[in-house]
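Under the numbering used here, the first residue of the sequence shown carries the number 4, and numbering increases by one thereafter.
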Amino acid sequence: MAIHHSSTIKLDIGLDENRVPEEINWSAQDGGITNESAKAMLLSVWDHNQKESLKIDLWTKDMPVDEMKIFFHQTLTGLSETFLRATQDEKMAATMKDFCAYFAEKLEL
Numbered sequence: 004m005a006i007h008h009s010s011t012i013k014l015d016i017g018l019d020e021n022r023v024p025e026e027i028n029w030s031a032q033d034g035g036i037t038n039e040s041a042k043a044m045l046l047s048v049w050d051h052n053q054k055e056s057l058k059i060d061l062w063t064k065d066m067p068v069d070e071m072k073i074f075f076h077q078t079l080t081g082l083s084e085t086f087l088r089a090t091q092d093e094k095m096a097a098t099m100k101d102f103c104a105y106f107a108e109k110l111e112l
């Protein structure tokens, strides 16, 4: 299969003297996004050789805890939708969505 197009997503992380994130900025040229600010990010990639996921989870020190809870809820909900699209496993996707509803209820979102 030949690659017909290449796309770049760029992350710039500004760190304090203790290497704690102060700023997260990202750009995605194909998406029309240039140097957008973010307070948190979760990035996972699959290492097919080692059969494991590798991840980078970052948040700035001024990310509010209440927003972090919303961010996690939205991320988990999105993962359940992605899981369904990737696997067509409707039963497990529904179980994941049930957990997301439980998660939101417990956090009073």
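Every residue, glycine too, gets a C-beta built ideally from N, C-alpha and C.
Check: Do serine 47 and serine 40 have their beta-carbon atoms positioned less than 8 Å apart in this structure?; Outcome: no
Check: If I follow the unbroken alpha helix (DSSP H) through valine 68, where does it start and stop?; Outcome: 68–90
Check: Please state if the CB of threonine 63 and the CB of isoleucine 27 are separated by a distance shorter than 8 Å.; Outcome: yes
Check: Compare the Cα-Cα distances from glycine 34 to each of Leu82, Leu18, Ile16 and Ser9 and report the closest residue.; Outcome: Ser9
Check: Between Ile16, Glu93 and Lys42, which has its C-alpha nearest proline 67's C-alpha?; Outcome: Lys42
Check: By alpha-carbon positions, which one of Asn38, Gln32 and Met4 ends up nearest to isoleucine 16?; Outcome: Asn38
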